[in-house]
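Peer 1: Residue numbers (this note's numbering), protein chains in the order written: chain D, 5 to 459; chain X, 2 to 293. What follows is a structure written as structure tokens; I'll ask about it next.
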Amino acid sequence: MKTFNIGGVHPAENKLSAASPIRVAALPKQAVFSMFQHIGAPAVPVVKKGDEVKVGTLLGEAGKGLSVPVFSSVSGKVNKVDAVLDSSGTRRMAVVVDVEGDEWLDTIDRSDKLVTMKDLGNITAEEVVNRIKAAGIVGMGGATFPTGIKLMPPPGTKAEAIIVNAVECEPYLTADHRLMLEKPEQILVGVQLIKHAVNCPKAFIGIEMNKPDAIKLLTDLLKEKAAQYPGIEVVPLKVKYPQGGEKQLIDAVIGRQVPAPPALPINVGAIVQNVGTVYAIYEAVTKNKPLIERIITVTGKSVKQPSNFLARIGTPMQQLIDEAGGLPEDTGKIIGGGPMMGRALMSLEVPVTKGSSGLLLMTEKESRRGEVSPCIRCAKCVSACPMGLEPYLLASYTRLKDWDGCEKNDVTSCIECGSCAFTCPSNRPLLDNIRVAKQTVMGIIKARHMEAIKK
Amino acid sequence: MNVILIAVIVLGGIGLVAALILFFAGKKFAVHEDERIAQVAEVLPQANCGGCGFPGCSGFAGACVKAADKGSLEGLLCPVGGQPVMEQVAAILGMTAEASAPKVAVVRCNGTCESRPRIAEFDGAQSCRVQQMLGSGETACAYGCLGCGDCVAACQFDAIRMNPETGLPEVDEEKCTACGACSKACPRGIIEIRLKGLKNRRVVVLCNNKDKGAQTRKACSVGCIACQKCVKVCKFEAITVDANLAYIDAEKCKLCRKCEDECPQNAIHAFNFPPKKEKPAPNVEPAKEKEA
Chain D
5 MKTFNIGGVH PAENKLSAAS PIRVAALPKQ AVFSMFQHIG APAVPVVKKG DEVKVGTLLG
65 EAGKGLSVPV FSSVSGKVNK VDAVLDSSGT RRMAVVVDVE GDEWLDTIDR SDKLVTMKDL
125 GNITAEEVVN RIKAAGIVGM GGATFPTGIK LMPPPGTKAE AIIVNAVECE PYLTADHRLM
185 LEKPEQILVG VQLIKHAVNC PKAFIGIEMN KPDAIKLLTD LLKEKAAQYP GIEVVPLKVK
245 YPQGGEKQLI DAVIGRQVPA PPALPINVGA IVQNVGTVYA IYEAVTKNKP LIERIITVTG
305 KSVKQPSNFL ARIGTPMQQL IDEAGGLPED TGKIIGGGPM MGRALMSLEV PVTKGSSGLL
365 LMTEKESRRG EVSPCIRCAK CVSACPMGLE PYLLASYTRL KDWDGCEKND VTSCIECGSC
425 AFTCPSNRPL LDNIRVAKQT VMGIIKARHM EAIKK
Chain X
2 MNVILIAVIV LGGIGLVAAL ILFFAGKKFA VHEDERIAQV AEVLPQANCG GCGFPGCSGF
62 AGACVKAADK GSLEGLLCPV GGQPVMEQVA AILGMTAEAS APKVAVVRCN GTCESRPRIA
122 EFDGAQSCRV QQMLGSGETA CAYGCLGCGD CVAACQFDAI RMNPETGLPE VDEEKCTACG
182 ACSKACPRGI IEIRLKGLKN RRVVVLCNNK DKGAQTRKAC SVGCIACQKC VKVCKFEAIT
242 VDANLAYIDA EKCKLCRKCE DECPQNAIHA FNFPPKKEKP APNVEPAKEK EA
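Here it is as structure tokens:
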């Protein structure tokens, strides 16, 4: 069974909502569209107070450089364009829409009919990439990197393998799992579109063994329609966290190692796309539908109905929790994302964004961190680190503010997966410290780079 | 006997040649360091705090000598040694030190435990920077003090301490050298290095919240709501409101304290003034009692 080579941990899976089919979440009364839903420059609002919008209306155009546009997922009137509290806990620019009815733009095809590559005729690779860019698609696994940019390999590189990330290694989350079970063929068409866009003959779908039904469904489908979907292969993977990390997945599936930054996956010929992103690409290219909704898991041990929702982007989290049976009394912490990499939310007013893969309601007991005790040099963190770093050392260097030491020990390679802190028997906040070092060292490297350019 | 003699001659010869090479190399590659740098460094406090903006005291001494060669010591100040040390430095370099006003660190947040309710609990690594990176802190104010004491850890002079009652850092003005280490350590930029002012008296807006008034009010009962009342009452145009936050220019402020009385949020504080003569107070209090 394939898996990545270095490190990794095995947190309890807790996939409570794996058996609950995707439910369409109710329309919100008011939707909030943050202009900061992706990595890079924020989108620039193009609507003003009082404007009428429909589902699919452009709300914010892509900013300069690395950026994507933001579209309305509801119809109604713009209430305000102002700084609004978002999941980062700070107030940032957003468009707030009061929902009236559910009118869609005529250009969007709302039918469920499967559109295949044959139906698209002679669509060019540029056209595919342009439609993806215009639809505002970003990586939907959580990193929210603009997808259009990822599908334009820089000169000198060539895509040799498309890897679809259907690992969903975060405990609790089941959004990708349900999507594969309910929209398998759409995903395969999406994979074909990506292959077409970057002119790559081979694609792999990496799925962990804890989703045997999805593996079987896709494998059977590929066997049955081998002529229609050539060059796509399902790769079952051993269950191990953080297999969904881009570099870990490339290692697991095609056995290549991405060098330290600034090298990218494309430098070893790989392009990784989350399965949710693949579905969004399918909808954008074949149905002309911008990224306006996504699947989000609402789960937790004391949640009445752990569910997977198809929610419009901009829906307040509170509403999803209500639909999943309300906020349990013993909730201690609410996490946006999964338990390993997600971040605690300060407020339930925050909306669903393009990168919201889950909402985890932890009980008071679960959410407490254990008491911190001294490092006992057991080196568990070293064997757990999937990047081959020495977390205990980096954390110590951070405490001593020895940024040179941090840089020499490759702190910038850290993928912030949290395996080190998870495995530490002394409950040391290793990742907290390493994040500080990573941010500082990246700043230092950037400053040095700017200085070099000046000279 | 012969062997010993040969050994002595050979070794002596090698030694002589090596000595000659070293002698000429020393002359040829000598690094001429200005003597004045060492002299200046001697009068500096040797705290190596970096408050002057140079890497340590010797770095600052080098910069002083360089500046003196150009003709002026302007802009150079050792915040730890202050004016007396700068005068000594100037004397060594044969210049006159420009008078510089002493400064002090001011914590621009008054969100104590009572005035700023905690809405969340942070149990990660006890560091303001970590807290700032992971979210907006324990209160609803995304601009105020986080209370983990990064500034305290940064201070080399034991001049800033956390007050456990208020949860805010307090500056010991006697010990503070205005080196700015705390200001740099604060991830929210709350600490300002500000002019000490006449007789150490200062009027300061103790708030850093740039949200709109209504939001600020929800988060904190003593936050600046940008109502502009202080701007209107100030006769010296010392107060400006930028990004929903009032700021008093220490150079323009004439310490009249009108703004302090005017502020509806009590966000403006006056430091080191003698207690106010509260004439109307005795009359007001009995009146209240009567009402009750």
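Idealized CB from N, CA, C, for every residue including glycine.
Quick one, which residues of the segment 439 to 451 of chain D are near chain X if we go by CB-CB under 8 Å, in chain order?
Peer 2: Correct list: R439, V440, Q443.
Peer 1: Out of P49/D, E164/D, I136/D, F8/D, which one is the CA nearest neighbour of V99/D?
Peer 2: That would be P49/D, whose Cα lies nearest to the Cα of V99/D.
Peer 1: Between G60/D, V119/D, A66/D, which lies nearest to I112/D when the distance is taken from Cα to Cα?
Peer 2: Cα-wise, what sits closest to I112/D is G60/D.
Peer 1: Relative to the alpha-carbon of K255/X, which residue among N209/X, A220/X, V205/X, A227/X has its alpha-carbon at the smallest distance?
Peer 2: Residue V205/X is the option with its Cα nearest to K255/X.
Peer 1: Excluding the 5 residues flanking N292/D on each side, which residues of the same chain have their C-beta closer than 7 Å to its C-beta?
Peer 2: These residues qualify, in order along the chain: T111, I112, D113.
Peer 1: Check this for me: beta carbons of V41/X and V81/X, under 8 Å apart or not?
Peer 2: No, the pair does not count as a contact, with Cβ atoms beyond the cut-off.
Peer 1: Quick one, are the C-beta atoms of K57/D and P355/D less than 8 Å apart?
Peer 2: The sequence as given places Val at residue 57/D; Lys does not occur at that position. No, Cβ-Cβ distance for V57/D and P355/D is not below 8 Å.
Peer 1: Grab me the residues of E65/D's own chain with a C-beta within less than 7 Å of its C-beta, minus the 5 sequence neighbours each way, in chain order.
Peer 2: The answer, listed in chain order, is A47, V48, V50, P73.
Peer 1: Exposed or buried, what is L222/D when buried is set at 16 or more other beta-carbons lying within 10 Å of its beta-carbon?
Peer 2: Buried is the call here.
Peer 1: Check each residue of the segment 354 to 385 of chain D: if its Cβ is closer than 8 Å to any Cβ of chain X, include it; give the result in chain order.
Peer 2: So the close ones are R372, R373.
Peer 1: Quick check on the DSSP output: what are the complete alpha helix (DSSP H) runs of length 4 or more inside the segment 202 to 272 of chain X, in order along the chain?
Peer 2: Here the runs fully enclosed are 214 to 220, 230 to 234, 259 to 263.
Peer 1: Check whether chain D comes within 8 Å of G51/X, counting only Cβ atoms and requiring the distance to be less than that.
Peer 2: Closer than 8 Å: no.
Peer 1: In the DSSP output, which residue or residues are listed as bridge partners for S38/D?
Peer 2: Bridge partners of S38/D: A98/D.
Peer 1: Quick one: which chain D residues come within Cβ less than 8 Å of G125/X?
Peer 2: What G125/X touches in chain D: R373, P433, D436.
Peer 1: At what residues does the alpha helix (DSSP H) containing R135/D begin and finish?
Peer 2: Looking at the DSSP string, the run of the alpha helix (DSSP H) that includes R135/D is 129 to 138.
Peer 1: Take I136/D and list the residues in its own chain whose beta-carbon comes closer than 8 Å to its own, dropping the five residues that flank it on each side.
Peer 2: Taken in chain order, the residues that qualify are T151, G152, L155, A201, I285, A288, V289.
Peer 1: Which of the three DSSP states is assigned to P283/X in this structure?
Peer 2: Only weak support is given to the placement of P283/X: the predicted model assigns it a pLDDT of 46, under 50, and the question is left unresolved by the model.
Peer 1: Please list, in chain order, all residues of the same chain as V285/X whose beta carbon is under 6 Å from its beta carbon, the five residues on each side excluded.
Peer 2: Summary for V285/X: the model assigns pLDDT 43, below 50, so the residue's position carries little reliability, and this model does not support an answer.
Peer 1: Counting along the chain, where does the alpha helix (DSSP H) carrying S311/D start and finish?
Peer 2: Where S311/D is concerned, there is no enclosing alpha helix (DSSP H), although the beta strand (DSSP E) it sits in stretches over 311 to 316.
Peer 1: How many angstroms separate the CA atom of G146/D from the CA atom of C257/X?
Peer 2: Approximately 54 Å between the Cα atoms of the pair.
Peer 1: What are the start and end residues of the alpha helix (DSSP H) that includes K52/D?
Peer 2: From DSSP, K52/D is part of no alpha helix (DSSP H); its letter is neither H nor E.
Peer 1: Thinking C-alpha only, which one of G214/X, A106/X, G76/X, R130/X is nearest A100/X?
Peer 2: Closest option to A100/X, Cα to Cα, is G76/X.
Peer 1: Looking at chain D, is there any beta carbon in it that lies within less than 8 Å of the beta carbon of S184/X?
Peer 2: It does not; no Cβ of chain D falls within 8 Å.
Peer 1: Using a Cβ cut-off of 9 Å, pull out every chain D residue sitting near L135/X, in sequence order please.
Peer 2: Result: G93, R347, A348, D436, R439.
Peer 1: Spell out the partners DSSP gives L89/D in its beta bridges.
Peer 2: Bridge partners of L89/D: R95/D.
Peer 1: Where T94/D and F40/D are concerned, what is the direct C-alpha to C-alpha distance, given to the nearest angstrom?
Peer 2: Taking the straight line from one Cα to the other gives about 11 Å.
Peer 1: Under a CB-based cut-off of 8 Å, is V131/X close to chain D?
Peer 2: Yes, because at least one Cβ of chain D sits closer than 8 Å to the Cβ of V131/X.
Peer 1: Count the other CB atoms within 10 Å of the CB of E193/X; is the residue buried (16 or more) or exposed (fewer)?
Peer 2: When all chains shown are included, E193/X counts as buried.
Peer 1: Within 8 Å of any Cβ in chain D, is that where the Cβ of D212/X sits?
Peer 2: Cβ-Cβ to chain D under 8 Å: yes for D212/X.
Peer 1: Which term fits Q47/X, buried or exposed, when burial requires 16 or more other beta carbons within 10 angstroms of its beta carbon?
Peer 2: Classification of Q47/X: exposed, given that the 10 Å Cβ count is below 16.
Peer 1: Considering only residues of the same chain and omitting the five flanking positions on each side of K289/X, which have a CB-CB separation below 6 Å?
Peer 2: Here the model assigns K289/X a pLDDT of 43, short of 50, so the residue's position is not dependable, and the following value carries that caveat. There are no such residues.
Peer 1: Specify, as a first and last residue, the run of the alpha helix (DSSP H) that K412/D falls within.
Peer 2: Start and end: 407 to 412.
Peer 1: Is the segment 381 to 398 of chain D touching the segment 11 to 22 of chain D in the sense that three or more CB pairs, one from each, lie closer than 8 Å?
Peer 2: Taking 8 Å as the limit for Cβ pairs, the verdict is that the segment 381 to 398 of chain D does touch the segment 11 to 22 of chain D.
Peer 1: State the DSSP-derived secondary structure class of V171/D, mapped to helix, strand or coil.
Peer 2: DSSP places V171/D in coil when its eight states are reduced to three.
Peer 1: Keeping to the same chain, check which residues put their C-beta closer than 7 Å to that of K1/X; ignore five residues upstream and five downstream.
Peer 2: The requested residue 1/X does not occur in the structure, where chain X is confined to residues 2 to 293.
Peer 1: Where E164/D and A138/D are concerned, what is the direct C-alpha to C-alpha distance, given to the nearest angstrom?
Peer 2: Near 25 Å, if we compare the C-alpha coordinates of A138/D and E164/D.
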